[in-house]
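Every position in the sequence shown, counted from 1, becomes a number in the working numbering once 32 is added.
We put the beta carbon where it would ideally sit given N, CA and C, even for glycine.
All of these numbers come straight from a predicted model, not from anything done at the bench.
Notes follow once the structure below has been shown.
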Amino acid sequence: MKRVFLIDSMSHIFRAFFAPMGMRQEPMRNSKGQVTQAVFVFTNMLRKLLNDEKPDYVAAVFDTAAPTFRHDSFDAYKANREAMPDDLASQLPFIVRVCEAFNIPILKMDGFEADDIIGTLANECAAKGMQAVIVSNDKDLCQLVRDPYVVAMRQNSQNLKRKVPVPPIEWCDEAWVKNKFGLPPDKIVDLLGLMGDAVDNIPGAPGIGEKGALKLVLEYGSALGAMENAEKITHKTYRESLQNNQDIIRQSLELATVHTSVPISLDIEALKAQKPNRDLAYELFRELEFKTLTNEFSGPDTASRIKAATSSDGGLFDTQPRNSSDVSSKYLVVNSSSLLDEMIGRLIETPQWSFHVNDSNANEKASCFEKPAPHGIGFGLGNGEAFYVDLDGFAGGRIEALRQLNYILTSENYIKSVYDEKRNFGSLLGLGIRPAGVKDDVLIAAYLLESTRTSYPIPFLAQIYSDIDAQHTVPEGFDEAAFRTAENADFVARLAPILSERLRENSLETLYKDVELPLIPILIDIELTGMKIDGESLTIFSEFISKELESLREKITTIAGREFNIGSPKQVGEIFSELNIETGRKTATGQISTSHDVLVELAETYEIAQHIIDYRELDKLRATYADALPKMIASDGRIHGCLNQTVAATGRLSSTEPNLQNIPVRTELGQRIRKAFIPEAGNKLISADYSQLELRILAHITRDPRMLEAYKNNEDIHSQTARLVFGAKDEKELKEKRRLAKIVNFGIAYAVEAFGLSQRVGISRSEAKQVIADYFETYKGIREYMDRTPLEAREKGYITSLFGRRRHFPSINDRNFAVRSRAEREAINMPIQGTASDIVKIAMIRVAAALKAEKLATKMIMQVHDELLFEGPASEVDAAKVLIKREMESAATLDVPLVVEIGVGDDWMSAK
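Below, the structure is given as structure tokens:
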């Protein structure tokens with residue numbers, strides 16, 4: 033059977049850009065500064081596909097920038113996706129040229145997605161008796177699979193950590209789809225229609241997740257079948273969701289369906305696979321400065337000369353030199369006591385070595401709590417030699433291997449390097465090992481050197497900092513995970529001294545050694561301790577929200593005069609038209625805009641707009657917290673979230689699984705979420721929150737006389753602004769204007785512009801412009817700071833915090849005004865946010881040390897923005913409060929005092 037390969041191009045391009053081969057700390061560029069990373073990875077994918085599969089016919093299918101029929105029916109479709117980064121957009125023309133060089137036809141059509149074109153052509157191929165191979169990892173396309181005519185080919189990165197390892201290539205037939213999703217291909221749409229799709233912003237049925245959707249489709253045959261039998265369903269949340277959201281579900285089904293009737297015809301001969309155009313390929317790769325590819329297309333094929341060689345003994349294996357700096361690499365698989373003794377002897381002789389766990393079955397985003405035990409541990413000597421201790425296959429058993437390893441891993445006498453100490457610790461904790469003597473964390477070092485990257489894979493760091501290339505093929509006879517773990521340990525050992533030197537060169541060594549590294553064990557303890565949660569109260573709260581949503585739905589329907597899908601911006605826009613409500617704005621597709629900002633403006637006049645705002649906020653709160661948090665309760669009755677140290681470019685910690693930093697603080701409903709976080713019996717929660725930390729830092733940095741004086745005299749800065757900027761003369765005016773002054777003070781710290789301020793304060797843009805002018809006239813030091821900081825960013829390319837933390841701004845000179853303006857605002861905010869993050873981290877280190885020194889049982893259990901949350905015995909609350917306030921307020925010395933507000937309670941809300 034002839035095979036037609038249909039490549040889902042944009043899917044591969046985005047994967048190449050954001051996770052390219054697990055390499056590089058900075059994107060690949062040629063000498064002209066053109067980013068080439070996605071082009072390089074896409075090219076390698078294409079070459080491997082052509083060489084390994086030898087397709088009879090092939091086409092690269094692309095999306096266009098034009099809206100599709102899905103956008104026309106649902107304004108919010110893919111609305112949560114960020115705009116394509118400039119560094120990726122600039123590579124698209126080169127990727128098109130790659131396809132041309134390899135003589136691969138490009139297919140695309142306005143109004144339709146690549147998925148629809150692929151679906152249409154796949155069906156036409158099947159009708160002609162050919163097999164369509166869909167080259168994509170997109171689960172949506174699995175609905176097209178039909179034995180034997182339509183299969184999917186998934187290309188899996190081997191650099192990602194997964195719960196269950198997957199092969200580099202997976203062939204997806206009907207049996208694979210059934211095994212993967214629990215349903216045959218023709219039911220995938222039903223599954224997506226109920227569970228929704230966060231990537232494409234397909235809403236699905238509120239309150240029904242993947243497990244619930246699967247159960248319903250299996251029981252009732254389809255999403256429509258489940259809706260028709262909703263009254264029979266005993267699960268209250270499922271039943272009510274199916275009864276109350278039928279329009280949303282039907283729309284979700286439509287959005288999730290790949291359409292197979294695109295007006296495009298299959299010209300099979302035009303898709304016939306051909307040999308590359310060597311001249312085009314040579315010129316392109318020379319321009320991109322891909323040396324190996326340039327050489328390959330300038331003369332005879334050299335691929336055979338770069339294949340890795342392996343030894344025959346199955347234990348010690350050598351790789352061919354991968355570049356001039358990589359003369360000889362030797363990796364040893366250790367699976368016996370004698371080999372382990374030999375390895376330990378080598379480690380003892382080595383001044384600083386690395387270790388790296390093989391935790392391929394672990395969730396990389398999960399906390400340190402209850403991580404699964406690793407399969408093995410890699411060790412690197414720093415000279416190209418590495419070992420892999422195979423815990424699963426150790427001849428004397430796992431326990432014996434760990435007994436021998438315990439001392440060198442836990443002893444302070446042996447200096448170690450790691451990549452992501454927190455993750456390695458979490459994996460080893462279940463084995464009873466808590467490593468010590470860690471001097472360097474390559475992940476943290478890489479993050480400090482370039483904080484704006486989205487990831488820092490080890491092979492990428494090795495390539496960019498030491499010109500060491502990861503081996504693309506695993507030597508025959510060796511396990512993929514074992515080889516990669518040994519290779520990673522090797523790379524980490526070699527990277528540690530290089531990155532340490534880079535940190536010194538960039539004046540980041542102090543921040544690294546005194547702040548970031550000491551913070552790691554504190555984050556580990558926070559994740560291990562977790563937070564106790566009252567799941568029952570959240571379930572009750574969820575039921576309350578459901579009733580409120582139903583009440584709002586009735587009010588909205590009554591005003592509208594008919595039923596409609598409240599979650600659909602398009603249908604809300606239609607209702608507004610019927611009610612003669614003018615929004616004054618339209619979306620890019622010409623539909624009436626019903627965005628949050630528009631609804632806020634309309635709410636002053638139209639009751640229905642406020643009801644829709646309330647409905648959307650309630651629905652989000654229920655799905656994100658009320659329904660989700662109880663499912664995250666661990667075996668000890670506590671939630672163990674993950675605090676991420678290398679995500680935010682400003683140095684702030686981020687919170688995931690769950691994200692506790694986005695719980696609304698000031699709303700009554702948000703406070704009810706916080707009320708569900710409680711201490712153990714006999715304990716209390718203590719909340720310690722910096723008062724106006726960012727504004728105090730702004731005063732210190734700008735040295736504005738009026739702001740400095742206000743804080744030194746312990747005056748209310750918002751009242752001062754109300755008087756000086758808004759002209760408040762008496763107590764009544766002061767009370768009214770202080771709220772506006774507070775918005776302006778914090779808005780200015782984020783370099784807010786007139787439009788943004790007008791939206792926040794509820795005034796016209798011209799009035800907002802005048803307010804900003806009056807503010808800068810009042811606080812002249814802030815105006816001067818905001819003028820000079822973007823200039824400094826242009827000159828240096830980066831901005832630092834008071835503690836030396838750097839953030840680079842490559843787009844500060846971008847030709848696009850919007851992109852450039854955003855970079856300028858971020859540059860202005862960086863010293864404030866960066867310094868705030870440093871102070872909070874220093875405070876965490878000081879408080880943790882003081883609690884330990886004074887032998888208090890109180891524990892730090894969470895960090896949220898400028899707040900630290902503690903749990904401890906009620907009997908030591910008074911002592912803990914004094915200690916916490918003392919250490920936090922002395923975390924930094926500024927020209928204005930740091931002030932910490934302390935609260936104690938039987939739940940998080942009352943502690944505030």
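The DSSP-derived three-state label of Phe-126 is helix. Inclusion of Ser-254 and Asp-222 in the CB contact set at 7 Å is warranted, their separation being smaller than that value. Remark: C-beta atoms of Phe-758 and Lys-769 approach each other more closely than 7 Å.
The C-alpha of Ile-376 is placed about 33 Å away from the C-alpha of Thr-561. With 16 or more other Cβ atoms from the protein chains shown falling within 10 Å of its own Cβ, Ile-150 counts as buried. By the neighbour-count criterion, in which 16 or more other beta carbons inside 10 Å mark a residue as buried, Ile-440 falls on the buried side. Apart from sequence neighbours up to five positions away, the residues of its chain that approach Glu-319 with a beta-carbon distance below 8 Å are Asn-62, ordered along the chain. Counting C-beta pairs with one atom in each stretch, the region 790-805 and the region 511-525 have fewer than three that are closer than 8 Å, which means they do not touch.
In the assembly as shown, Asn-597 is a buried residue. Its beta-carbon has 16 or more other beta-carbons within 10 Å.
Contact between the region 283-302 and the region 169-182 is present, with at least three C-beta pairs closer than 8 Å.
The beta carbons of Asn-83 and Asn-309 sit about 16 Å from each other, so the pair does not count as a contact at 8 Å. For Ala-658, the secondary structure class from DSSP, reduced to helix, strand or coil, is helix.
For Phe-144 against Val-294, the beta-carbon gap comes to about 5 Å, under 8 Å, which counts as contact. Here Cys-204 really is in contact with Val-183; their C-beta atoms are around 6 Å apart, less than 8 Å. Counting the other CB atoms within 10 Å of its CB gives Ala-237 a total of 16 or more, which places it among the buried residues.
Counting of Cβ neighbours within 10 angstroms places Ser-609 among the exposed residues, the total staying below 16. For Ser-386, the enclosing beta strand (DSSP E) stretches over residues 384-390. For Thr-688, the secondary structure class from DSSP, reduced to helix, strand or coil, is strand. A distance of 7 Å or more separates the beta carbons of Ile-588 and Asp-939. Contact between the region 918-927 and the region 724-737 is present, with at least three C-beta pairs closer than 8 Å. Between the region 222-234 and the region 244-262 there are three or more C-beta pairs closer than 8 Å, enough to call the two in contact. Going by beta carbons, Leu-675 and Leu-685 fall inside the 7 Å limit. Judged by DSSP secondary structure, His-840 falls outside any alpha helix (DSSP H) and instead within the beta strand (DSSP E) spanning 838-840. Gly-937 is bridged by DSSP to Leu-717.
When rounded, the separation of the alpha-carbon atoms in Glu-321 and Thr-484 is 25 Å.
The shortest C-alpha to C-alpha distance from Val-524 to any of Gly-462, Phe-573, Asn-456 is the one to Asn-456. Unbroken alpha helix (DSSP H) stretches of 4 residues or longer found wholly inside the region 530-604: 549-561, 567-592, given in chain order. In the structure shown, Asp-222 falls within a helical segment according to DSSP collapsed to helix, strand and coil. With contacts defined by Cβ atoms closer than 7 Å, Val-421 and Val-366 form a contacting pair. Listed in chain order, the alpha helix (DSSP H) elements of length 4 or more contained wholly in the region 806-879 are 812-828. For Asp-118, the uninterrupted alpha helix (DSSP H) run begins and ends at 118-121, by DSSP. Under DSSP, Val-167 takes part in a beta bridge, and its partners are Ile-39, Met-185. With respect to Val-128, Leu-38 sits apart: the two C-beta atoms are not nearer than 7 Å. Leu-364: member of the beta strand (DSSP E) spanning 361-366, first to last residue. The beta carbon of Pro-383 is closer than 8 Å to those of Ile-447 in its chain, skipping five residues each way along the sequence. In this structure, Ala-681 places its C-beta atom within 7 Å of the C-beta atom of Arg-839.
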